[in-house]
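Residue numbers (our numbering): 5 to 544. In what follows, a single structure is set out as structure tokens and then discussed.
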Amino acid sequence: MSARPRRAIAPDAILVGGDILTLDAHDRRVEALAVLHGRIVALGTTREIRALAGPRTRRHDLGGATVVPGFNDAHCHVLSFGLTLLQVNLKAARRVADVTAAVAARARRTPDGAWVRGHGYDDNKLAELRHPTRADLDEAAPGHPVWLQHTSGHMGVASSLALARAGISRDTPDPEGGVIDRDPGGAPTGVLKETAQALLRAAIPPVPLEQAKAALAAAGARFVAEGLTSVQDARAGSLVPQELRAYQEATSDGRLPVRTSLLVDVEALPVVDGRVELGFGLTSGFGTDRLRLGGVKIFLDGSLIGRTAAMTAPFASDPHTSGFLLKPEAALRRQVDQVTGAGWQVCMHAIGDRAIDVAIAAVDGALGARARARRPRVEHCGVLRRDQIPAIRRRGMVVVTQPRFITELGDGFRRALGEARLRYCYPLKSLRGCRVAFSSDRPVVDGAPLGGIEAAVTQLTASGAPYVPREGIDVLEAIRWYTMGGAFAQFRETELGTLEVGKWADLCALAHDPRRVPPTEIARIPVVLTAVGGAVVHRA
Ligand SMILES: [Zn+2]
């Protein structure tokens, strides 16, 4: 770098004294960078960058920390996660009694007749290996309607009062694509699967705007503390009224300090002249650098641990079912046509290999040779068959996968599938050469990116069992998929995803180099600083 030109505009901020992994095409490492108007304007040694500073330049000493591009969670549920932060957290429940105790405790602090809501229980992790029932919940909170969401998000359990408010009785037929679980006598057990949940949710009073904004603020605080600078909400538009307004206001007042992109729920959008419309011809990419429309989300099937994913062969744990598509294949393919026809990027939730087959066929039908340019996304892309991987690669489809599932759900996957099919269940190394973006699906599992990166490298489940060790990838590759991967998945690779001149100064500083700690300690590395557009939004 040469001497500073006279009267050059001084940077707004400089960050110096770090070990900055730019993750550019040459994996360049530098000590310092300068920021002007939110973007990186120079990279170099601490001495070089210090020389650029003017009297009003903010200076941040990185203290030798390892800096990486800010993490980008390509598929999470931002508002839903924020709302769960305000609900009863049942992740740690290991017996049905833990669930009922937590519900009873919340009920005591809740006015009679008001809803008690919880989330995160997992029947696979309860000693009884069953869902709580409405009888359990009635005993815990007789005066309150109770609705507990399963950790998968694809099912939940309601108390009798909640069922009554929703008008669900033994006479209610199962809705299309859903199941009202029943006891041998035909009475609802309280467990509602897939679309049956909508019957219940309709009875819950809507979340007011201010509460939605408070939820976004709570989520935002967690994101930046974990090094996330971009998030992609995987189902916007169906959770609360005025949902986009909540995002808009929380973003503009700074309470949601990350860059957010919204994948709009296809079911929340009308079809006009054969195209899925949000109105005024709005489509993917509309918005600002802070808040924009992503793709349109279409659910092809359900969940793997809930055994509602659409498979070509029955589950090992339940030989009587191979899951199901949420609509007939022709209807799903028509939706993909309607979404892509309106210019949207299509984001297809597909977990079982049958659903993935449908996703591939739908892309061929809707996009043909234009598929690569339009970057159709497969959300989860869970239970792959070996033959599907080259098919996905050739079409340039983006695999939006969740490495943290290995940790939290891996033991359940093994039970659901058996050893042979586990081989290509959420594979990683086999996806080399494909377009891959890492994500968490939070609040389904913990969303801290370093936890996902650790899982991708170690391939260890929560029980300590090896998952599929040959699918482990190296740390830098995992970081790339958690940064550039997400940027590419949202067509933002020219402005996000690496630390290069001209890109947004979105970064996080880690107390230790994740390549130099034992792999089982990656998740515990403290995030010491996070910056979005060069502004420090978190400091430990
Ligand atoms: Zn999701």
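Note that beta-carbon positions come from the ideal geometry of N, C-alpha and C, so glycine has one too. In this text, all values refer to a predicted model and were calculated from it rather than measured experimentally.
**Message:** Below 8 Å on the Cβ atoms is my contact criterion, and I expect G489 with A509 to pass it. Report the Cβ-Cβ distance as a whole number of Å.
**Reply:** As a working note, residue 489 is residue 485 in the sequence shown. As a working note, residue 509 is residue 505 in the sequence shown. Rounded, the Cβ-Cβ distance is 20 Å, inconsistent with contact.
**Request:** With DSSP as the reference, label L196 as helix, strand or coil.
**Result:** Taking the first residue of the sequence shown as 1, we reach residue 196 at position 192. Three-state DSSP puts L196 in a strand.
**Prompt:** The alpha helix (DSSP H) spanning G231 covers which residue range?
**Reply:** Against the sequence shown, residue 231 aligns to sequence position 227. G231 -> no alpha helix (DSSP H), and no H or E assigned at all.
**Pick from R389, V532, S156, G345 that is closest to V276, judged by C-alpha positions** = Here residue 276 corresponds to residue number 272 of the sequence shown, with the count starting at 1. Minimum Cα distance to V276 is reached at G345.
**Message:** On a Cα-Cα basis, can you pick out the residue from T114, T137, Q91 that is closest to R121?
**Reply:** Along the sequence shown, read from residue 1 onward, the residue named residue 121 stands at position 117. The residue with the shortest Cα to Cα distance from R121 is Q91.
**Prompt:** Does DSSP classify R390 as helix, strand or coil?
**Reply:** Here residue 390 refers to the residue found at position 386 when the sequence shown is read from its first residue. Secondary structure of R390 (DSSP, three-state): coil.
**Asked** Does the beta carbon of H79 fall short of 7 Å from some heavy atom of ligand 1?
**Response** Position 75 of the sequence shown, counted from the start, is the residue given in the question as residue 79. H79 Cβ: within cutoff of ligand 1.
**Asked** Straight-line CA distance for G58 to R399?
**Response** Here the question's residue 58 lines up with position 54 in the sequence shown. Here the question's residue 399 lines up with position 395 in the sequence shown. Computed Cα separation, rounded: 49 Å.
**Prompt:** In or out: G67 buried (at least 16 other Cβ within 10 Å) or exposed?
**Reply:** Position 63 of the sequence shown, counted from the first residue, corresponds to residue 67. Label assigned to G67: exposed.
**Asked** Should N234 be labelled buried (16 or more other beta-carbon atoms within 10 Å of its own) or exposed?
**Response** Position 230 of the sequence shown, counting from 1, holds the residue named residue 234. According to the sequence displayed, residue 234 carries Ser and not Asn. With 16 or more Cβ atoms within 10 Å of its Cβ, S234 is classed as buried.
**Item:** Coarse secondary structure for I526, derived from DSSP in three states
**Value:** In the sequence shown, counting from the first residue as 1, residue 526 sits at position 522. Helix.
**Prompt:** Going along the chain, which residues put their C-beta within less than 5 Å of some heavy atom in ligand 1?
**Reply:** The filter returns A238, D445, in chain order.
**Asked** CB-CB under 6 Å to S164, same chain, minus the five flanking residues each way: which ones, in chain order?
**Response** Here residue 164 refers to the residue found at position 160 of the sequence shown. Taken in chain order, the residues that qualify are R138, D142.
**Prompt:** Cβ atoms of E475 and S434: under 8 Å apart, would you say?
**Reply:** Sequence index remark: in the sequence shown, residue 434 carries index 430 (1-based). Sequence index remark: in the sequence shown, residue 475 carries index 471 (1-based). Yes, the pair counts as a contact, with Cβ atoms nearer than the cut-off.
**Request:** Quick one: give me the first and last residue of the alpha helix (DSSP H) that D175 is part of.
**Result:** Along the sequence shown, read from residue 1 onward, the residue named residue 175 stands at position 171. Premise fails: D175 is in no alpha helix (DSSP H) and is neither H nor E.
**Prompt:** In terms of residue numbering, what span does the beta strand (DSSP E) encompassing A36 cover?
**Reply:** In the sequence shown, residue 36 corresponds to position 32, counting from 1. Note, A36: beta strand (DSSP E), 36–40.
**Request:** Please name the residue in T534, C512, L304 whose C-alpha comes closest to that of A366.
**Result:** Within the sequence shown, residue 366 is the residue found at index 362, counting from 1. The candidate whose alpha carbon is nearest that of A366 is L304.
**Request:** Could you tell me how far apart the beta carbons of T88 and A17 are, in whole angstroms, since I believe they sit closer than 8 Å?
**Result:** Here the question's residue 88 lines up with position 84 in the sequence shown. Here the question's residue 17 lines up with position 13 in the sequence shown. That pair is no contact at about 34 Å.
**Message:** Distance check for V100 and D127, CA to CA, integer angstroms please.
**Reply:** Taking the first residue of the sequence shown as position 1, residue 127 is located at position 123. Taking the first residue of the sequence shown as position 1, residue 100 is located at position 96. Between D127 and V100, the C-alpha separation is close to 9 Å.
**Message:** List, from N- to C-terminal side, the alpha helix (DSSP H) runs of 4 residues or more that fit wholly inside the region 95–171.
**Reply:** If one requires a minimum length of 4 residues, the alpha helix (DSSP H) runs lying completely within the region 95–171 are 100–112, 138–144, 164–170, in chain order.
**Request:** Spatial neighbours of T50 within its chain, please: CB distance less than 7 Å, with the 5 preceding and 5 following residues excluded, ordered by chain position.
**Result:** Along the sequence shown, read from residue 1 onward, the residue named residue 50 stands at position 46. So the list reads V20, G21, E35, A36, once near-sequence residues are dropped.
**Request:** Note down, one range per segment and in chain order, each alpha helix (DSSP H) of at least 4 residues found wholly within the region 332–383.
**Result:** 333–345, 357–371, 375–378
**Request:** With distances taken Cα to Cα, identify the nearest neighbour of M401 among P447, R436, F319.
**Result:** Locating residue 401 in the sequence shown gives position 397, counting from the first residue. Nearest option by C-alpha distance: R436.
**Message:** Quick check on the DSSP output: the alpha helix (DSSP H) that includes D415 runs from which residue to which?
**Reply:** Your numbering for residue 415 matches position 411 in the sequence shown. From DSSP, the alpha helix (DSSP H) with D415 extends over 408–421.
**Request:** Can you check DSSP and say which residues form a bridge with F495?
**Result:** Counted from its first residue, the sequence shown places residue 495 at position 491. BP columns for F495 are empty, so no partner.
**Prompt:** Can you list, in chain order, the residues of its chain whose CB lies under 7 Å from that of Q339, leaving out five sequence neighbours each side?
**Reply:** The residue labelled residue 339 in the question sits at position 335 within the sequence shown. Taken in chain order, the residues that qualify are V270, I302.
**Prompt:** If you check the beta carbons only, do G369 and R397 fall under 8 Å apart?
**Reply:** Residue numbering aside, residue 369 sits at position 365 when the sequence shown is read from its first letter. Residue numbering aside, residue 397 sits at position 393 when the sequence shown is read from its first letter. No.
**Asked** Does the count of Cβ pairs from the region 451–466 and the region 404–422 closer than 8 Å reach three?
**Response** yes
**Prompt:** With contact counted as at least three CB pairs below 8 Å, one residue from each stretch, are the region 38–50 and the region 502–520 in contact?
**Reply:** yes
**Request:** May I ask you to verify whether the region 152–161 touches the region 279–287, counting CB pairs closer than 8 Å and requiring at least 3?
**Result:** no
**Prompt:** Considering only C-alpha positions, which residue in the set R259, T498, A216, T199 is nearest to F227?
**Reply:** In the sequence shown, the residue the question calls residue 227 occupies position 223. Closest by alpha carbon: R259.
**Message:** With DSSP as the reference, identify every bridge partner of F75, one or two as the case may be.
**Reply:** Start at 1 with the first residue of the sequence shown, and residue 75 comes out as number 71. Note: F75 sits in a beta bridge opposite L232.
**Asked** Under 8 Å between the Cβ atoms of A216 and A250?
**Response** Here residue 216 is taken as the residue at index 212 of the sequence shown, counted from 1. Here residue 250 is taken as the residue at index 246 of the sequence shown, counted from 1. Between A216 and A250, the C-beta spacing is below 8 Å.
**Item:** Contacts around G422, its chain only, beta-carbon distance under 6 Å, and the 5 residues preceding and following it disregarded
**Value:** Numbered from its first residue, the sequence shown carries residue 422 at position 418. Hits under 6 Å: A320.
**Item:** Touching by the beta-carbon criterion (3+ pairs, under 8 Å), the region 346–354 and the region 382–398
**Value:** yes
**Message:** My output table needs one value for K433: the three-state DSSP class, helix, strand or coil.
**Reply:** As a working note, residue 433 is residue 429 in the sequence shown. It is helical.
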